[in-house]
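Top line first, the protein sequences correspond to chains L and U.
Per the working numbering, the first sequence runs over residues 1 to 122.
Per the working numbering, the second sequence runs over residues 1001 to 1837.
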Amino acid sequence: MKHILIVEDELSMQRALKNKLEQSGYKISVASDGAGALDDIRSTKPDLVLLDLIMPKLDGISVLREVKKDDALRNTPVIILTNLSTGDKVAEAMQLGTFDFLVKANYSLDDVLKKVRERIGE
Amino acid sequence: MRAVSGPRRRFAIVWLDTALGLSLLASAMGARLTPLLPVGGDPRVADAVSAGFIAFAAVLLGSHALIRWPRARAVLIWLAAAVALIAPIRLLRFGFIDLILLDVMLAASLVLSGRYVWKGWDVIRADETARRSPLVPIAGWFAVAYGAACAVPGLGAEALLARFGAPAPLVAVAFAAVGAGLLAETRGKLVAWGAVAAIASGSAMFVVLALARAGSGSPVAAMTYLALAIMLPLSRWYPLRNMVADDLAGLTESQRSTYGYERVGELGIWLVIFFGAFYTQLVPPVSFRTYFISVVLAVVVTQVSFRLLPVRSIGPRHYMWTLLAVAVSYLLLLAATGGLSSPFVYFAFVAIFAGAVVIPPSWLWYPVGLIALYFGAEIARTVSADGPWHRPDMLQGLFMLSALGVTGLYATLISRKHAAHQASIEAANVRMNDLLRQADAERARAEASAKEQRTLNLELLEMRSALMNVLEDVEETKRQIESDFLRDAAIFEALGEAVAAADKNGRIFLFNPAAETLTGVPRTAAVGKPLESIVRFFFEEGRVLQTDAITQAYAGRGGRLLPKLTIASPDGRRTPVSGTVAPFFDAERRLQGIVVAFRDMTVERDIDRQKSGFISIASHQLRTPLSSIRWFVDLLLGGDAGKLNAEQQEFLKDIYASVTRMISLVGDLLDVSRIEEGRVLVNPVPTEVGPIVETLIKDFAGPLAAKKLTIEQDVAKTIPPAVVDPDGLRQALGNLVSNAINYTPEGGRVGIRAAADGPAVVVEVWDTGIGIPESQKHRVYERFFRAANAVSRETVGSGLGLYITRLLVEASGGTIGFTSEEGKGTRFTLRLPIKKA
């Protein structure tokens, strides 16, 4: 079972995602802030990280940067799920290597699930 | 005293002279009325002589009336002379030899005066101011002759003496004096006073004679003598007056004041001399030798005295000295001779003295004259000592004649000398006048040149003051320019905008303090360096900008710098700037260089960032609950919370629809807001269109299926990469496909085509939908615009989709166009450039 780490500070959204993905057969762990997320990534080494950007303590981009710095974690797939407009952080994220960048509001849960499957499979 | 002139004077002179002539004639006749001749007084002789005289006088008188006919006048005069001569020739038959002498003398006088007659009448006629009467010389010579005749004993002098009680010599002298005076008058002014004196003494003598005649019982003769005595001075009045006037005219003021004294003195001396001569008749005679020596002594004394005298000019003192010398000489003579018996000695003395007085330097003539006198006397004595011609009185007469001759000679000499003197004075005057004229001319020239100089000076002064004015103006202008320049420089320094100007070669020559601050390079380091090494522009991402704007400026085109530029300082600091580049030209429109002006945009960028931050946050904040709602509805609809009944499903679907609509709206609004603020970073890069299209179709598979629409894909195998922003393209194409799906009814078709077409990549999205009404085609790209048929069909739609699409396509460097037919379908065509524009 693939392990997905959901990094999202909105609890409701956390729950919705978790619900959907668990239903689809993934193991889900959650983090509500950037710092916790990093720790979790380091410790649990998930197969995929769904990363929100606007978070307390440490924002998503910083988490991403840290991840990319870390040789061990660098290759961890990351999908950025944010409600920020497309253009704002794309450049930064692109620089750091990710190329999946979803505006949550524009995607249904099924769409999200599809993206996940594309990325890491079942 | 002024000279008398004019026709009145002319006739006055003439008639006075006539009267004189008459008197002279009458007195001559009177002298002859009593027979004097030894023959016993043949009345025929007297008649003949008298007739001759009368004829002469008549001619003289009558000639006055003949002023207008000078030739006739002259002829008559000569006729009269001939008549006068005939009488004596007749008398020769009677043997009156002595009478012949008289007539000869008369004739001689006529001859001599004929010249004057000839000339004189013409002169009087022609010249209004003629001062001399022609009768004067005639009368003069006649008087002289008669006087001489009286002096010669054989002619009746003794008889005269016996008759009148007056010595014949007296009469002789009287006449001689008169004659000499009249003659001298014609010869020149210098002896004129002597002439005056002579005439005065002659007049006095005639008065004496008249008295004697009256006493001797001849009243007529006495009256004639008296008439002569009166007429003599009277007739000389005008000439004398003119002479004085002429004298005075030539004198200076100071000389005029002494003129009267001089003349009176002169006259007095002459009178004394003449009367002294007469008085000495009472003194017995002395030997000639004694006389001669006395005369010589007298001359020597006078000459020496004149040489020793300090007096140089003729004046009263001069004459006093003369008188003194005369007195001394007289005393010497008396002492030497024991007295004088003959007046002729004095006459000679007077003549010599006159010469001495008048022409002191010419004392040469004295010894010559005296020697002539001596030899003449000796000859006469020798001749007359023993023989038929011996006449003691003749000697006297000869002496007298000699004396007269000498007088005349002196008079001539004097007048000639005077004339020469006058001539030399005249010449000197002329020369002086010439010199004065020259001096005047020189002075005038000097004045003229001085005037010119003054004018030049004035001009120079004017020019100088004009120049000063010009200089002042120039100074003023210079000051103005300087102050303007300083002011402009101050403005430049104070500008908040950074300004850097480079010349034709790209070297900085202007760099203001704001530029120093922004670039971090001090002016001294910047000036002279190439512009692009000091003013370094970068994109925000850090790539060095190839300053197209600057290159364009050097090509002559100005413009704005790209937005979102930063400028780098040597210490690595980056400052956001915005600005302009512009070329500048000289008067002939030749490029001189470029000027770059830019300003610190940090504040604006921060504001922008805040705004973008706000928008990000706003979008985030808006979307978060919306996405939350959406997902939960998703879950509910997916049955994760339990099975739903149909109604629940319907409600949830409605909720879902509203939420998705709202999400879409929020997304559009945010897009528009970002695009309008220029925050959409469009980065055209070579992009493979094919994969984008394929992904797009995949993404829309669901909606397509939901509406049972067929999708037709027509993507060429090899499409060159289009230079376009990939995200922008994705979004644009997404909008178009979404529209196509939305506005095509169920069962319709939607298609995408992508292919290369010349210099562009063409991407088309077409459908068989409702189309766009003709009347509203021009409005489809407007913000919030939805065509009427679209609205009636589907109320959902923000109207922003095409607006955003077009912005994105054009920002990428592409073009968008469409064709549509209402009810049939719509085809949107995008042309994307292959190469960078």
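Built from N, CA and C at the ideal position, the CB exists for glycine as well.
Any C-beta of chain L under 8 Å from that of Ile1663(U): So yes, Ile1663(U) belongs to the interface.
Report yes or no: is there a C-beta of chain U within less than 8 Å of the C-beta of Ala37(L)? No - not a single Cβ of chain U is within 8 Å of the one on Ala37(L).
If distances are taken between C-alpha atoms only, which option among Val1761(U), Ala1811(U) and Val1791(U) comes closest to Ile1834(U)? Closest option to Ile1834(U), Cα to Cα, is Val1761(U).
Taking Asp1640(U) as the query, report the chain L residues whose CB atoms sit under 8 Å from its CB, ordered along the chain. Ordered by position in chain L, the residues that pass the 8 Å Cβ test against Asp1640(U) are Asn19, Lys20 and Gln23.
Contacts around Gly1771(U), its chain only, beta-carbon distance under 7 Å, and the 5 residues preceding and following it disregarded: Only Ser1820, Glu1821, Glu1822, Gly1823, Lys1824, Gly1825 and Thr1826 meet the Cβ criterion.
Given a cut-off of 8 Å, decide if Leu58(L) and Asp33(L) are closer than it, judged by their beta-carbon atoms. With respect to the 8 Å criterion, Asp33(L) and Leu58(L) are classified as neighbours on the basis of their beta carbons.
Could one say the Cβ of Asp1608(U) lies closer than 8 Å to chain L's Cβ atoms, at least one of them? For Asp1608(U), the closest Cβ of chain L is not nearer than 8 Å.
Starting from the beta carbon of Leu1486(U), find every residue of chain L whose beta carbon is closer than 7 Å, and list them in chain order. In chain order: nothing, as chain L lies at least about 49 Å away.
Looking at Ala1514(U) and Glu1497(U), is the spacing between their C-beta atoms short of 8 Å? A contact, by the Cβ cut-off of 8 Å.
Proximity of Tyr1803(U) and Arg1783(U) at Cβ, strictly below 8 Å: Cβ distance < 8 Å, so Tyr1803(U) and Arg1783(U) count as in contact.
Taking Cβ to Cβ, would you say Val1685(U) is nearer than 8 Å to Val1715(U)? Taking 8 Å as the Cβ cut-off, Val1685(U) and Val1715(U) do not qualify as a contacting pair.
Would Thr1624(U) count as contacting chain L if we go by Cβ distances under 8 Å? Cβ-Cβ to chain L under 8 Å: yes for Thr1624(U).
What are the boundary residues of the beta strand (DSSP E) that Gly1799(U) is part of? Run containing Gly1799(U): none; DSSP gives neither H nor E here.
Secondary structure, alpha helix (DSSP H): runs of 4+ residues fully inside the segment 1714–1763 of chain U: Segments of the alpha helix (DSSP H) lying fully in the segment 1714–1763 of chain U: 1726–1742.
Cβ-based neighbour list, Ile1629(U), same chain, cut-off 6 Å, excluding 5 preceding and 5 following: So the list reads Val1659, once near-sequence residues are dropped.
Starting from the C-beta of Phe1700(U), find all residues in its chain whose C-beta is less than 6 Å away, skip the five residues before and the five after it, and write them out in chain order. If we look at Phe1700(U) and ignore the five residues flanking it on each side, its Cβ neighbours are Val1737.
Can you pull the chain U neighbours of Leu64(L), defined as C-beta to C-beta under 8 Å? Within chain U, not a single residue places a beta-carbon under 8 Å from that of Leu64(L); the smallest gap is close to 17 Å.
Is Leu48(L) helix, strand or coil by DSSP? When DSSP states are grouped into helix, strand and coil, Leu48(L) belongs to the strand group.
By DSSP's criteria, His181(L) is part of a beta bridge. Which residues make up the other side? One cannot answer for residue 181(L) here, as it falls past the ends of chain L, which runs 1 to 122.
Do you know how far the Cα of Ile1230(U) is from the Cα of Arg1289(U)? Confidence at Arg1289(U) is low in this model, with a pLDDT of 46, below 50, so the placement of that residue is unreliable and no value is reported for it.
From what residue to what residue does the alpha helix (DSSP H) around Leu1531(U) run? In the DSSP assignment, Leu1531(U) falls within the alpha helix (DSSP H) that extends over Leu1531 to Ile1534.
Are the C-beta of Ala31(L) and some C-beta of chain U separated by less than 8 Å? Chain U contact via Cβ: absent.
Answer yes or no: does any C-beta atom of chain L fall closer than 8 Å to that of Arg1605(U)? At a cut-off of 8 Å, the C-beta of Arg1605(U) has no neighbouring C-beta in chain L.
Keeping to the same chain, check which residues put their C-beta closer than 7 Å to that of Gly1734(U); ignore five residues upstream and five downstream. For Gly1734(U), where only same-chain residues beyond five positions count, the Cβ hits under 7 Å are Leu1696.
Where the alpha helix (DSSP H) through Pro1513(U) begins and ends: Membership of Pro1513(U) in the alpha helix (DSSP H) is indicated by the continuous run Pro1513 to Thr1519.
Grouping DSSP H, G and I as helix and E and B as strand, with all else coil, what is Phe1584(U)? Note: Phe1584(U) maps to strand in three-state DSSP.
Separation of Met13(L) from Asn1742(U), as counted between CA atoms: So the two alpha carbons sit approximately 29 Å from each other.
Give a yes or no on whether the minimum CB-CB distance between Asp1634(U) and chain L is below 8 Å. Output row for Asp1634(U): interface = yes.
Alpha carbon to alpha carbon, what distance is there between Met1(L) and Glu92(L)? Rounded to whole angstroms, Glu92(L) to Met1(L) spans 31 Å at the Cα level.
Is the shortest distance between the beta-carbon of Ala1837(U) and the beta-carbons of chain L less than 8 Å? Unreliable placement is indicated for Ala1837(U), whose pLDDT of 49 sits below 50; the coordinate value is still reported in the next sentence. With 8 Å as the cut-off, Ala1837(U) does not count as an interface residue toward chain L.
According to DSSP, is Leu102(L) part of a helix, a strand, or is it coil? Reduced to three states, the DSSP call for Leu102(L) is strand.
Proximity test, Cβ basis, 8 Å: Ser1628(U) and chain L: Answer yes: the Cβ-Cβ gap between Ser1628(U) and chain L drops below 8 Å somewhere.
Is the beta carbon of Leu48(L) less than 8 Å from the beta carbon of Arg119(L)? It is a contact, given that the beta carbons lie within the stated cut-off.
What are the start and end residues of the alpha helix (DSSP H) that includes Asp1503(U)? Asp1503(U) -> not in any alpha helix (DSSP H); beta strand (DSSP E) instead, spanning Ala1498 to Asp1503.
Buried/exposed call for Lys104(L), threshold 16 Cβ in 10 Å: The residue in question, Lys104(L), is buried, as its Cβ has 16 or more Cβ neighbours within 10 Å.
So, helix, strand or coil for Leu1091(U), using DSSP? Summary for Leu1091(U): the model assigns pLDDT 46, below 50, so the residue's position carries little reliability; its value from the coordinates is reported in the next sentence. In the structure shown, Leu1091(U) sits in a helix (DSSP, three-state: H, G or I).
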